[in-house]
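Heads up, the thing below is written out as structure tokens.
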DNA sequence: CTCGAATACTCACGATTTGAGTATACCGCG
DNA sequence: CGCGGTATACTCAAATCGTGAGTATTCGAG
């Protein structure tokens, strides 16, 4: 029950429990199988169990044993209000670093897409603003660099170009998901 | 002395020991201070010591205690032939995943830049080929996707656009470092 | 001469991640 | 009918990673 904010991807697990209570095994099945999030996030079974245990210890979810006659019982998980809250906050906030895009932002986008075009548009717009700020910062740094540091120039150039590509891609996000709704 | 291939960034440490034997403390100083690699790679002191210990245990480097009169002795590190070899192999090979660019590829580029425009050109060209292959693969995957999976399309689109940006940036690499040599 | 910064290194711990294992129940096949 | 393979559901010990915090000495500024 320690209640410290859960780390990025743990919140995505909370998101998967938004609907009906589920048990860990099925969650894992969803992730590795069809579920689109599995494209983005690979998680071993044992790791998943560990994460869920921690989320429970921290009070973001509760479990009840579901007896199933002859078969072994299942540990059914559901969100606590605190868990629901943590997810909502996480899902709405943009990521803070370019390196968090591959996994964390795409996960956020997944949930936003489930919720509808409005949520997507809001997330994309917040993220766009954050990226624009990073880019401005990088350009300022780059300007302070002398020509005698070509390597540093390349490093900053690399980061800038990655962020520019992200910005361009963000433009297409809202459009694509809008078109298919 | 277990001799299993060292992980990506450990090889970069080997690279920093190519020249004169050095001791760990100075290595750390170089990394956090001026040294351009510090832009890319942040490493706590204790972590660095741990990595170096492991590299020594694996036989990639050897140490000798340098007595310094009254002052405490230093543990001077130098590459073994096996270490020199591991570095050379690592430095010449392109990285295998987009996610390795931020750190590992930029580190390789750093050493290539030290060595001269020829080495840079060779590394860049190999990496370009690898990236082109990834891109082709992504496009093939994308083609197999139905329109009913807009999220998956976006994910693949994201990856493609990141790699395209990398390809464009690679073009500028050789040019920039060539110009400043 | 002393106080703080720099030098040089060590250690114990917590968190993360993984491989490997356990145990039961269902289902098809001969 | 019973045998083996697969699916279900979860557990655990252990490697690995990474960090904070500490130690001990020396040097230079005031």
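Protein chains in written order, with the numbering used here: chain A, 1 to 181; chain B, 1 to 181.
Glycine included, C-beta positions come from ideal geometry on N, C-alpha and C.
- Query: Any idea if residue 184 of chain A is buried or exposed, counting beta-carbon neighbours within 10 angstroms, 16 or more meaning buried?
  - Reply: Nothing in the structure corresponds to residue 184 of chain A, since chain A is present only between 1 and 181.
Answer with yes or no whether the minimum CB distance from residue 19 of chain B to chain A is below 8 Å. By one-based count along the second chain, residue 19 of chain B stands at place 19. Not one chain A Cβ lies under 8 Å of residue 19 of chain B.
Exercise for the section: Identify the continuous alpha helix (DSSP H) that holds residue 126 of chain A and give its terminal residues. Expected result: What you label residue 126 of chain A is simply residue 126 of the first chain in a count that begins at 1. 117-143 is the span of the alpha helix (DSSP H), which, as asked, contains residue 126 of chain A.
Exercise. Give a yes or no on whether the C-beta atoms belonging to residue 77 of chain A and residue 5 of chain A are separated by under 8 Å.
Key: As a working note, residue 77 of chain A is residue 77 in the first chain. As a working note, residue 5 of chain A is residue 5 in the first chain. Against a cut-off of 8 Å, the Cβ pair of residue 5 of chain A and residue 77 of chain A comes out as no contact.
By the DSSP assignment, the alpha helix (DSSP H) with residue 51 of chain B in it spans what residues? Here residue 51 of chain B refers to the residue found at position 51 of the second chain. Residues 45-57.
So with Cβ pairs under 8 Å, would you call residue 150 of chain A a contact of chain B?
-> Taking the first residue of the first chain as position 1, residue 150 of chain A is located at position 150. Yes, contact with chain B.
field: Nonlocal neighbours in the same chain, by C-beta distance under 6 Å from residue 159 of chain B, ignoring five residues either side
entry: Position 159 of the second chain, counted from the start, is the residue given in the question as residue 159 of chain B. For residue 159 of chain B, where only same-chain residues beyond five positions count, the Cβ hits under 6 Å are 138.
Original post:
Any beta-carbon of chain B closer than 8 Å to the one on residue 167 of chain A?
Top reply: If you number the first chain from 1, residue 167 of chain A lands on position 167. Output row for residue 167 of chain A: interface = no.
- Item | Interface residues of chain B facing residue 26 of chain A [CB-CB closer than 9 Å] | For the purposes of this step, residue 26 of chain A is taken as residue 26 along the first chain, with counting starting at 1. Those do not exist, as residue 26 of chain A stays about 20 Å from chain B at its closest Cβ, beyond 9 Å.
Shorter than 8 Å from the beta carbon of residue 99 of chain A to some beta carbon of chain B? As a working note, residue 99 of chain A is residue 99 in the first chain. Yes, because at least one Cβ of chain B sits closer than 8 Å to the Cβ of residue 99 of chain A.
Kindly say whether residue 158 of chain B, judged by its beta-carbon, lies nearer than 8 Å to any beta-carbon of chain A. In the second chain, the residue the question calls residue 158 of chain B occupies position 158. It does; some Cβ of chain A falls within 8 Å.
**Message:** On the DSSP letters alone, give me the boundaries of the alpha helix (DSSP H) that residue 67 of chain B sits inside.
**Reply:** Position 67 of the second chain holds residue 67 of chain B. Looking at the DSSP string, residue 67 of chain B is not in any alpha helix (DSSP H); the run it does join, the beta strand (DSSP E), is 61-68.
At a Cβ cut of 8 Å, what residues of the stretch 41-66 of chain A count as close to chain B, listed as they run along the chain?
-> none
Q) Along chain B, in chain order, which residues have C-beta atoms closer than 7 Å to that of residue 102 of chain A? A) The residue you call residue 102 of chain A lines up with position 102 of the first chain. By Cβ distance, chain B contributes 99.
Point to revise | Amino acids of chain B, ordered along the chain, whose beta-carbon sits closer than 7 Å to that of residue 145 of chain A | key: By one-based count along the first chain, residue 145 of chain A stands at place 145. Here the premise fails: no neighbours, minimum Cβ distance about 10 Å.
**Prompt:** Are the beta-carbon atoms belonging to residue 177 of chain A and residue 81 of chain B less than 8 Å from one another?
**Reply:** Residue 177 of chain A sits at position 177 when you count from the first residue of the first chain. Residue 81 of chain B sits at position 81 when you count from the first residue of the second chain. Cβ atoms of residue 177 of chain A and residue 81 of chain B: not closer than 8 Å.
Q | Identity of the residue in A:129, A:112, A:154 and A:156 nearest residue 183 of chain A by Cα | A | Given that chain A is displayed from residue 1 to residue 181, the structure contains no residue 183 of chain A and the question cannot be resolved.
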